[in-house]
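Since the structure comes first, as structure tokens, the remarks are kept for the end.
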Amino acid sequence: MKILVAYGTTEGQTRKVARFVADRLADAGHAVELLDVDDAEGLDVARFGAAVLAGSIHGGRYQPALVEVAQRNAQALSVRPGLFLSVSLSAAGDDAEEWEGLRAIADEFARATGWRPGRVEHVAGAFRFGEYDYFKGWMMRRIAREKGEAVDPEGDTEYTDWAALGAAVDDWTGALG
Ligand SMILES: Cc1cc2nc3c(=O)[nH]c(=O)nc-3n(C[C@H](O)[C@H](O)[C@H](O)COP(=O)(O)O)c2cc1C
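According to our numbering, numbering within the sequence shown proceeds without interruption in unit steps and concludes at 179.
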């Protein structure tokens with residue numbers, strides 16, 4: 003099947019997630035188009051049999067370009083099998099309130115775009131101190147400290163569970179027929 007993998011990223015972790023998913027789908031014999039939502043002009047979702055959209059959460063929202071792509075293509079997306087990957091740091095933990103927040107953010111995305119994906123997976127992201135400006139670096143070091151996380155203050159600290167993500171993708175594609 004021809005599958006679209008479209009992603010929005012701010013610091014790069016969701017690009018890594020999307021590449022992993024694209025490889026997984028290609029290895030399973032699918033034809034994959036990997037697309038940065040910042041480069042989605044002229045996108046025709048009708049060319050694809052199924053779609054994966056991925057974005058990361060910053061301040062409770064996904065990338066505006068991702069919202070726009072989902073909104074603009076909601077009708078075509080809604081009649082195809084769809085998987086939404088929501089990348090965040092809250093998904094790295096097990097705080098019930100934070101998980102409730104994640105579900106509310108994904109629900110708001112579905113409401114705002116008009117695309118209700120058949121499956122939503124919350125994927126743990128990463129601290130990427132090399133990508134932050136001074137203020138973001140300060141804020142993220144504080145968050146890491148509050149969470150009791152030992153992080154590399156210069157580099158990446160990744161929480162993404164690649165095996166779990168691969169299994170979720172395999173499970174989703176297994177139902178595509
Ligand atoms: C400024 C900023 C705000 C963030 N806000 C949230 C948030 O509201 N909830 C959350 O769970 N994670 C939040 N995160 C964590 C990101 O979702 C996480 O680092 C993710 O891996 C970023 O993916 P990306 O590199 O593809 O942009 C935030 C990160 C930054 C830098």
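Just so it is clear, CB atoms sit at the ideal spot from N, CA and C, and this is done for glycine as well.
This one's a predicted model, so the numbers in the text were calculated from it and none came from an experiment.
{"Query": "Assigned secondary structure, residue 34 (DSSP; H/G/I helix, E/B strand, else coil)", "Result": "strand"}
{"Query": "Three-state secondary structure (DSSP) of residue 173", "Result": "helix"}
{"Query": "Per-residue DSSP class, three states only, for residue 136", "Result": "helix"}
{"Query": "Cβ neighbour criterion (16 or more within 10 Å) applied to residue 228", "Result": "Absent from the model: residue 228. The displayed extent of the chain is 3 to 179, so no value can be given."}
{"Query": "Three-state secondary structure (DSSP) of residue 168", "Result": "helix"}
{"Query": "Pairwise C-alpha distance: residue 52 and residue 19", "Result": "18 Å"}
{"Query": "Nearest-angstrom Cα separation, counted from residue 48 out to residue 127", "Result": "30 Å"}
{"Query": "Residue closest to residue 57, alpha-carbon to alpha-carbon, out of 42, 102, 29 and 8", "Result": "8"}
{"Query": "Beta-carbon separation (whole angstroms), residue 174 vs residue 121, contact threshold 8 Å", "Result": "6 Å"}
{"Query": "Residues near residue 24 by beta carbon distance below 8 Å, same chain, minus five either side", "Result": "7, 34 and 36"}
{"Query": "Near ligand 1: residue 150 beta-carbon under 8 Å from a heavy atom", "Result": "no"}
{"Query": "Host alpha helix (DSSP H) of residue 29 (start-end)", "Result": "15-29"}
{"Query": "The beta strand (DSSP E) enclosing residue 87, as first and last residue numbers", "Result": "84-90"}
{"Query": "When 39, 54 and 40 are compared against residue 26, the one with the closest alpha-carbon", "Result": "54"}
{"Query": "Other residues of its chain near residue 158: CB distance less than 6 Å, five sequence neighbours each side excluded", "Result": "128 and 130"}
{"Query": "beta-carbon residue 104 near ligand 1 non-hydrogen atom, thresh 8 Å", "Result": "yes"}
{"Query": "Extent of the continuous alpha helix (DSSP H) to which residue 107 belongs", "Result": "98-115"}
{"Query": "Residue 111 beta carbon less than 9 Å from that of residue 82", "Result": "no"}
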